[in-house]
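Residue numbers (the working numbering): 51 to 239.
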């Protein structure tokens, strides 16, 4: 259950995008909708994307500008070694919005997507074993959200009468003294 691999153009309609750091190279952005089935019986539909890198000349010769889709598959590859030796902190597998890096016995898992022409290719996934860290991070986010008490009146944008009583303080205003201006002191423009 997978969709075709879509070729995505940029805002100006360019399919092949030139590298900003090296004008000889470029990339094409690809996206695919995938349906996965989790161990707990959950079905999850998600969009995954990747960049197809190459020399501009080679990418242009593929004729992708005139195509909407390309045969193949976007696969996910996870491993315990960094994909980039120059930037080893890149491509960490993270647990949702928690920012927690998924690990196996304290070693980080790296995750990256790749386009392959073989539509039968399989993902290479590594199960993490730091689930308790992730649960703790999720529960702290949930508990901080639960600790925030909002009255029904506040939720709908009304003033809360209970909060009004709690904030009831006496305000002393200074008496304003107005000076009387006589007509002869005024002038017209």
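Cβ coordinates follow ideal geometry from the N, Cα and C atoms, glycine included.
Please read all numbers here as calculations on a predicted model, not as lab measurements.
Original post:
Considering only C-alpha positions, which residue in the set 105, 176, 137, 169 is nearest to residue 153?
Top reply: Among 105, 176, 137, 169, the Cα nearest to that of residue 153 belongs to 176.
**OP:** Assuming residue 123 and residue 168 form a contact by the criterion Cβ under 8 Å, report the distance between their Cβ atoms to the nearest whole angstrom.
**Re:** Going by Cβ atoms, the distance from residue 123 to residue 168 rounds to 7 Å, so yes, they are a contact pair.
Original post:
Near residue 119, what residues of its chain come up, given a Cβ to Cβ distance below 7 Å and the 5 sequence neighbours on each side ignored?
Top reply: Result list for residue 119: 54, 55, 56, 57, in chain order.
Original post:
If you draw a straight line from the alpha carbon of residue 88 to that of residue 94, how long is it in whole angstroms?
Top reply: If you take the alpha carbons of residue 88 and residue 94, they lie about 8 Å apart.
Subject >> Residue from 63, 86, 102 with nearest C-alpha to residue 79 >> reply: Checked all of 63, 86, 102; the closest Cα to residue 79 is 102.
Subject >> residue 76 and residue 109 closer than 8 Å at C-beta >> reply: Taking 8 Å as the cut-off, the Cβ atoms of residue 76 and residue 109 count as close.
Original post:
To which residues does DSSP link residue 129 through a beta bridge?
Top reply: Bridge partners of residue 129: 160.
**OP:** Identify, in the order they occur along the chain, each residue of the same chain with its Cβ nearer than 6 Å to the Cβ of residue 138, setting aside the five sequence neighbours on each side.
**Re:** Annotation for residue 138: 132 place their beta carbon closer than 6 Å to its own, counting only its chain and skipping 5 residues before and after.
Subject >> Of the listed residues 164, 140, 98, 67, nearest to residue 82 (C-alpha basis) >> reply: Of the listed residues, the one whose Cα sits closest to residue 82 is 98.
**OP:** Would you grab the beta carbon distance between residue 106 and residue 65 for me? Rounded to a whole angstrom, and I think it's under 8 Å.
**Re:** With a beta-carbon spacing of about 12 Å, residue 106 and residue 65 fall beyond the 8 Å limit used to define contacts.
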